[in-house]
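**Student:**
Chains as they are written, first to last, in our numbering: chain A, 105 to 226; chain B, 184 to 318.
(1) With a threshold of 9 angstroms between beta-carbons, can residue 161(A) be considered close to chain B, or not?
(2) Kindly list, in the order they appear in chain B, the residues whose Cβ is closer than 8 angstroms to that of residue 138(A).
(3) What is the DSSP secondary structure of residue 276(B), counted as helix, strand or coil?
(4) List the endpoints of the continuous alpha helix (DSSP H) containing residue 293(B).
(5) Residues in the same chain with beta-carbon distance under 6 angstroms from residue 214(A), minus the five sequence neighbours each way, listed in chain order, please.
(6) Residues in the same chain with beta-carbon distance under 8 angstroms from residue 207(A), minus the five sequence neighbours each way, listed in chain order, please.
(7) Determine the direct distance from the alpha carbon of residue 170(A) to that of residue 188(A), and round the result to whole angstroms.
(8) Could you tell me the distance, in whole angstroms, from the CA atom of residue 247(B) to the CA atom of residue 200(A)?
(9) Taking all protein chains shown into account, decide if residue 105(A) is buried (16 or more other Cβ within 10 angstroms of its Cβ) or exposed.
(10) Roughly how far, in whole angstroms, is the beta-carbon of residue 204(A) from the beta-carbon of residue 150(A), given that I think they are within contact range, below 8 angstroms?
(11) Cutting at 7 angstroms between CB atoms, please list the residues of its own chain near residue 283(B), excluding the five before and the five after it.
(12) Just checking: is the beta-carbon of residue 171(A) within a distance shorter than 9 angstroms of some beta-carbon in chain B?
(13) Residue 297(B) and residue 316(B): beta carbons closer than 9 angstroms?
(14) Assign residue 217(B) to one of two classes, buried (16 or more other C-beta atoms within 10 Å of its C-beta) or exposed (fewer than that).
(15) Under the rule that 16 or more other beta-carbon atoms within 10 Å means buried, what is residue 211(A), buried or exposed?
(16) To the nearest angstrom, how far is the alpha carbon of residue 290(B) from that of residue 277(B)?
(17) Where does residue 206(A) sit, in a helix, a strand or coil, going by DSSP?
(18) Out of 201(B), 304(B), 280(B), 306(B), point me to the one whose CA is closest to residue 269(B)'s CA.
(19) Assign residue 181(A) to buried or exposed, taking buried as 16 or more other Cβ atoms, counted over all protein chains shown, within 10 Å of its Cβ.
Written out as structure tokens, the structure is:
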């Protein structure tokens, strides 16, 4: 009788562990799809900035910075035109996990080659 | 008596271990997939669908993208508002379009479900286009 009591209490603990495992897995599973879609959205915004900069022939960092801040307010990143680079909302103390960057090179109306690069940290 | 008790307990632990491995296997194959489908159907697909709608809005000359009749070129990210009323045919859930803080399209819907901002050129200058989707 005493044996049965111990076994039953042991079984009930195991049963609780198994049930809690099921609940834990069900409620903790999250997919990384949302993160991937957010990255896609950021990439689209970066390409927006590059396309519009090419069309407007933006050649000053301040102008590109204004557009960046309008579209990606308070988002850490950097902008680069030819060899000039500027970091925006960037903090060295933060360890960023990911960098999404894109670049284009185009020839402006003066026949000069312009290199543009925009990166966003997350 | 004591050895019998120990045998039962060891057997019990072994059965439980087998059950735990079985449960983990079931979780890996069925529950994970089921939960993934729920999460995907709830938010990801909606987000992706609306994101593509906004992308089409700014790149399709039947909607907001600018069409140059002289060069016969359709410009992506360069918009004009002539075809703004047509956007309802693309997606009836679009309820508000804001161009640099100026509301250019608005329906009576008030509950905004999701919102997208994109960078565009309007009237020769850089603007932020915000497209809201309502329920």
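All C-beta atoms, glycine included, are put in the ideal place defined by N, C-alpha and C.
**Tutor:** Quick answer:
(1) No - not a single Cβ of chain B is within 9 angstroms of the one on residue 161(A).
(2) 222, 226, 227, 230
(3) It is coil, neither helix nor strand.
(4) Counting along the chain, residue 293(B) falls outside any alpha helix (DSSP H), and DSSP gives it neither H nor E.
(5) Around residue 214(A): no qualifying Cβ.
(6) 154, 184, 219, 220, 221, 222
(7) 16 angstroms
(8) 36 angstroms
(9) Confidence at residue 105(A) is low in this model, with a pLDDT of 49, below 50, so the placement of that residue is unreliable and no value is reported for it.
(10) 7 angstroms
(11) 310, 311
(12) yes
(13) yes
(14) Taking every protein chain shown into account, the CB of residue 217(B) has fewer than 16 other CB atoms within 10 angstroms, so this residue is exposed.
(15) Here residue 211(A) is exposed. Its C-beta has fewer than 16 other C-beta atoms within 10 Å.
(16) 8 angstroms
(17) strand
(18) 280(B)
(19) buried
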